[in-house]
Structure formats: structure tokens, C-alpha cells
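Read the structure below first, then the notes.
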Amino acid sequence: MAHAHSRSGRPEELDQDGRCAQVPQFPAGVEKASPNGDFVWRRCPAPCALALLPLPARFRCSSKMVAAVCASRVSGLLGRALPRVGRPMSSGAHGEEGSARMWKALTYFVALPGVGVSMLNVFLKSRHGEHERPEFVAYPHLRIRTKPFPWGDGNHTFFHNPHVNPLPTGYEDE
Amino acid sequence: MTHQTHAYHMVNPSPWPLTGALSALLLTSGLAMWFHYNTLTLLYLGLLTNMLTMYQWWRDIVREGTYQGHHTPIVQKGLRYGMILFIVSEVFFFAGFFWAFYHSSLVPTHDLGGCWPPTGIIPLNPLEVPLLNTSVLLASGVSITWAHHSLMEGKRNNMNQALLITIGLGVYFTALQASEYLETSFSISDGIYGSTFFMATGFHGLHVIIGSTFLMVCLLRQLKYHFTSKHHFGFEAAAWYWHFVDVVWLFLYVSIYWWGS
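Line by line, the protein sequences give chains Y and U. Okay, so the first sequence: first residue is 1 according to my numbering, each after it adds one. Okay, so the second sequence: first residue is 1001 according to my numbering, each after it adds one.
This is how it looks when you write it as C-alpha cells:
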């Protein structure tokens, strides 16, 4: 059975589902259970430190709200410095446990195949054949050389490709 | 009093801000020496001291947070603000290059032929490698989200796999861009088209390399069990930075590759 630390140092009793076995003390006016039974207000009498550990939900308090109550009690001691434990999951979570599975599926079935299709597209387009490189025209607004490059002979750009990049005087291999 | 009674982190004195500033001086003066006097010594010194400063400063932050427990929630909040503000500053950095591009391309001058792309410039086909690059970065955004959720759910193998895929895609992007740079018929010296193209995409590529490096550091830390499912701000910062890099690429693709072609 899992243990939690209470103020008095006694381990908290947990039932076999890992939930607080303490008798519920409902604040006045609070429903005992939600209509579909999946959410119950319970008040842990002691701060449930288990709620703060990175364990799956079933080892912590039985609902997000209980965990939040526990965390708020502890954070009350620390001057509200703790983050809320039962934090709302944003951006694409369909369930606290299921969201990693969803993103994994998206990665393998959507994102990576998309990359594959794009790769295929590039491959097919490249097989179209090399087209003629354009004739060299010494436009004054291109191949500008106001000062030499600090490398080599100062006349070649950093990614110079002699086949497709002419110098100011023309293609090198003509 | 022998212990602090607040949750903030009073950082111990450190030499790294000084070495960082000195490295910045060596880098700038080194560049000037290289451009004007054809000597690389100062620049190499600057690069070396810069790398050493970054390694040691960030190593110290990891020690303070992961091993010494100084990164309380309020300290983490400050780190979050810091990363957000840094990324905002980077947004403004890129805004300048986009401004230059739109200024030049919306009203092309007479000497370019009064058109955009300018006369004599053959732009890249946006539906070939640039589209592949887009799919690569978008896919990496999905895989890094998978990594984050796996981390939060304590799924260690999944997290390692997802992070590795993300880094792989980042490296693939860099390789693709490098090969594109070698294949373009235009260069940085080809007027304002070349300048705006290579400044914008070049700095973006540098940021992809920086982001990939950040993610690799996260992978190494993850393998060493630094992250917990609740506390992993280093990873979150890397993820934010990576998404920023992705968004910048989308703007680049739409503006320069697609509209500008």
C-alpha cells in the first residue's frame, strides 16, 4: 500500500485503488457526488504530499480537484509558491493520460508521412532533368563587388558553385 | 542567520559575465581585423572564449537548478519571463530583415528593372525543396509536442525517441538548406534580392542550428535523468525556441519563397 505523509507523521491510509481512505468531510452545501459519479468532493484532512509527486493519477488523490485542494493547503504553507498540481491540460489533450499517445500517432501517421510525400515530390521533380543554365548577361545590379570578400581571392561568394554562379565577368567554366 | 528565509536564488559570484563580455569584444574586433587586415587570430580567440563562456555559464545554471535545488517555482517563473523576453527580442531582430525585404520588394527600384524578382534573378521553386523544408519543420513541431507530453506522463522511452526525431528533423533541415545554398543561381552579392534573401534565411538557418544544439543538450540531460515530469523548464525553453524558429520559417516561406517568387 502506498503511503503519504500527514502533519503528524502517520502514513495516510490508502485503499487498494490508491485513493485516500479517509472518511469524506464535505464542506457545507457541497454535493456528495456529481450526477455521473466520476467526480467527488473530498477533503483530505492532511496535506497529501503524494499529490505533488510525478506519479500516475491513480497513485495520487482520486480526482484533480482533491489534488488541487491538497496542493493549495501545502502551497498555503509556502505562501502560494507552489504550482497548482491539477493543472488544466491545454493544446490538444484529449485526456490527461492519452495526450502523449495522440501526439505520437500524429507524429508517425501525419507529420513524418508528410515529410515523406514532400521528399518524393522533390525527387520526382529533380528527375525532370537538368535544364540549360541561363545565358550570362553582365547586369550592373547583380554580382556586386564594392569590396573583396575576406576569403580566397575575394571574388567568390561563400557558397560559390561554378556551374550555376557566374563571376562578374561570366561563368568560370566557359 | 545561517539560512535564507525566502524562495529566491541569490546567485554566487561568477566570472562568466565578464568572460562573456570580453569574448564579445574579441569577436567584434576580430571580425574587423579579418575584414580589413586579413588576420583571423582575434576572431578565433573570440569564438573560443565565447564557446567556453556559454558552456560554463549554462553548466553552472544546470548545477544550481538540478543538483542544488535553487530553482523554486518563483525562480522558475523568473526564468520563464527571461526566455519569453529573449524570444520577443529575437522576433524584433527578424522583423528588421522582413522590413528590409518588404521595403525592397513592394516598390522595386528602376535599377532592378522595376520588377520583383529583379531582372536576371531566377528564384527557387517554392514547391520543391522549400516545401520539403516546411514539412520538416512542421513535423518537428509535432514530434517535440509528443516529447513534451511523454515527459509529462513519465514515458521515458517515448520521450527519448520523440526528442531524437525532433533533433534529426532539425539536422535534416540544416542539410537541405545548405545544399540549397550551394545550388541557387543567385548569391548574396546579387543586389538587394540576394542581400535580403541570404540575410533573412541565413540568420534563420543559424537559429535552427542554435535550436538543434539546445535540443541536443536537452537530450543529454534527459538521458542523465535531469528532468522530472513536473519540473523540466530547460526542455520547455528549448521547445518554445524551436516553435519560434518554426514560425519564423513559415513567415520566410510565405513572404520570400512564395510571394516573392
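From the three backbone atoms N, C-alpha and C, an ideal C-beta is built for every residue, glycine too. Here the structure is a predicted model, which is why all the values come from computation and not from measurement.
Taking the alpha carbon of U:Glu1180 as the reference point, which residue from U:Leu1151, U:His1232, U:Trp1146, U:Phe1198 has its own alpha carbon closest? Of the candidates U:Leu1151, U:His1232, U:Trp1146, U:Phe1198, the one whose C-alpha sits nearest the C-alpha of U:Glu1180 is U:Phe1198.
Buried or exposed: where does U:Ile1188 fall if 16 or more other Cβ atoms within 10 Å of its Cβ makes it buried? Here U:Ile1188 is buried, its C-beta having at least 16 other C-beta atoms within 10 Å.
Touching or not, the region 1089-1100 of chain U and the region 114-121 of chain Y, by the rule of three or more beta carbon pairs under 8 Å? Proximity of the region 1089-1100 of chain U to the region 114-121 of chain Y falls short of the contact definition, fewer than three beta-carbon pairs being nearer than 8 Å.
Between the region 1099-1127 of chain U and chain Y, which residues of the former have CB atoms less than 7 Å from a CB of the latter, in chain order? Only those residues of the region 1099-1127 of chain U whose C-beta falls short of 7 Å from the nearest C-beta of chain Y are listed: Asp1111, Leu1112, Pro1118, Thr1119, Gly1120, Ile1122.
Residue range of the alpha helix (DSSP H) that U:Val1248 falls in? Run containing U:Val1248: 1233-1252, per the alpha helix (DSSP H) assignment.
Relative to the C-alpha of U:Leu1163, which residue among U:Gly1114, U:Leu1219, U:Val1254, U:His1071 is closest? Closest in C-alpha terms to U:Leu1163, from the list U:Gly1114, U:Leu1219, U:Val1254, U:His1071, comes U:Leu1219.
Put U:Leu1040 into one of helix, strand or coil per three-state DSSP. In the three-state reduction of the DSSP assignment, U:Leu1040 falls in the coil class.
So what's Y:Gly170 in DSSP terms, helix, strand or just coil? In this structure, Y:Gly170 counts as strand in the three-state DSSP scheme.
Under 8 Å: do the region 1082-1095 of chain U and the region 1233-1253 of chain U share three or more Cβ pairs, one atom per stretch? Touching, yes, given that three or more Cβ pairs across the two stretches are closer than 8 Å.
Count the CB pairs spanning the region 1005-1023 of chain U and the region 158-168 of chain Y that are closer than 8 Å, and state whether there are at least three. No contact exists between the region 1005-1023 of chain U and the region 158-168 of chain Y.
Should Y:Tyr171 be flagged as near chain U, meaning a C-beta pair shorter than 8 Å? With 8 Å as the cut-off, Y:Tyr171 does not count as an interface residue toward chain U.
Could you tell me the distance, in whole angstroms, from the CA atom of Y:Lys104 to the CA atom of U:Ala1178? In this structure, the straight-line span from the alpha carbon of Y:Lys104 to that of U:Ala1178 is close to 29 Å.
Classify Y:Val40 as helix, strand or coil using the three-state DSSP reduction. For Y:Val40, the predicted model reports a pLDDT of 40, less than 50, meaning its position is unreliable and no value from the coordinates is stated.
Answer yes or no: do U:Pro1186 and U:Ile1121 have a C-beta to C-beta separation smaller than 8 Å? According to the sequence shown, residue 1186 of chain U is Phe rather than Pro. Taking 8 Å as the Cβ cut-off, U:Phe1186 and U:Ile1121 qualify as a contacting pair.
What residues from the region 129-149 of chain Y come within 8 Å of chain U, judged by C-beta to C-beta, listed N to C? Under the 8 Å Cβ criterion, the region 129-149 of chain Y contributes Arg133, Pro134, Val137, Tyr139, Pro140, His141, Leu142, Arg143, Ile144, Arg145.
Who are the Cβ neighbours of U:Trp1146 in its own chain at under 6 Å, not counting the five residues just before and after it? Closer than 6 Å at the Cβ level, and outside the excluded window around U:Trp1146, lie Ala1162.
Tell me whether U:Trp998 is buried or exposed, calling it buried when 16 or more other Cβ atoms sit within 10 Å of its Cβ. Not covered by the structure: residue 998 of chain U. The range shown for chain U is 1001 to 1261.
If you reduce the DSSP assignment to three classes, tell me which class U:Ala1100 lands in. Taken through DSSP and simplified to helix, strand or coil, U:Ala1100 comes out as helix.
Determine, using beta carbons only, whether U:Val1208 and U:Leu1169 come nearer to each other than 8 Å. Contact flag unset, no.
Leaving out five residues on either side along the sequence, give the residues of the same chain with a beta carbon under 7 Å from the beta carbon of Y:Ile144. Once the five neighbours on either side are set aside, Y:Ile144 has no close Cβ partner at all.
How many Å lie between Y:Gly116 and U:Phe1173 at the Cα? Distance between the alpha carbons of Y:Gly116 and U:Phe1173: 13 Å.
Using the three-state DSSP reduction, which class does U:Met1010 fall into: helix, strand or coil? It is coil, neither helix nor strand.
Taking the continuous alpha helix (DSSP H) assigned at Y:Val164, which residues delimit it? Per DSSP, Y:Val164 is not a residue of any alpha helix (DSSP H), being assigned neither H nor E.
Helix, strand or coil, according to DSSP, for Y:Tyr139 in the structure here? Y:Tyr139: coil per DSSP, three-state reduction.
Range of the contiguous alpha helix (DSSP H) that encloses U:Pro1130: Where U:Pro1130 is concerned, the enclosing alpha helix (DSSP H) stretches over 1129-1152.
May I ask you to report which of helix, strand or coil DSSP gives U:His1003? Correct three-state label for U:His1003: coil.
Going along chain U, which residues have a C-beta under 9 Å from Y:Gly152? Taking a Cβ-Cβ threshold of 9 Å, none of the residues of chain U is close to Y:Gly152; the smallest such distance is about 11 Å.
Work out the CA separation of Y:Pro150 and U:Ala1032 for me, nearest whole Å. Those two C-alpha atoms are separated by around 10 Å.
Whole angstroms are fine: how far does the CA of U:Leu1223 sit from the CA of U:Leu1022? When the Cα atoms are used, U:Leu1022 and U:Leu1223 turn out to be separated by approximately 34 Å.
Alpha carbon to alpha carbon, what distance is there between U:Leu1124 and U:Val1107? Roughly 21 Å between the two C-alpha positions.
Whose C-beta lies closer than 7 Å to the C-beta of U:His1232 among residues of the same chain, with five residues either side of it excluded? Short of 7 Å from the beta carbon of U:His1232, and not among the five residues preceding or following it, lie these beta carbons of its own chain, in chain order: Leu1151.
Smallest Cα separation from U:His1226: which of U:Val1062, U:Ala1024, U:Thr1039? Of all alpha-carbon atoms in U:Val1062, U:Ala1024, U:Thr1039, the one lying nearest the alpha-carbon of U:His1226 is that of U:Val1062.
Between U:Leu1132, U:Ala1175, U:Arg1221, which has its C-alpha nearest U:Arg1156's C-alpha? For U:Arg1156, the nearest C-alpha among the options comes from U:Arg1221.
U:Gln1161: first and last residue of the uninterrupted alpha helix (DSSP H) it sits in: From DSSP, the alpha helix (DSSP H) with U:Gln1161 extends over 1156-1183.
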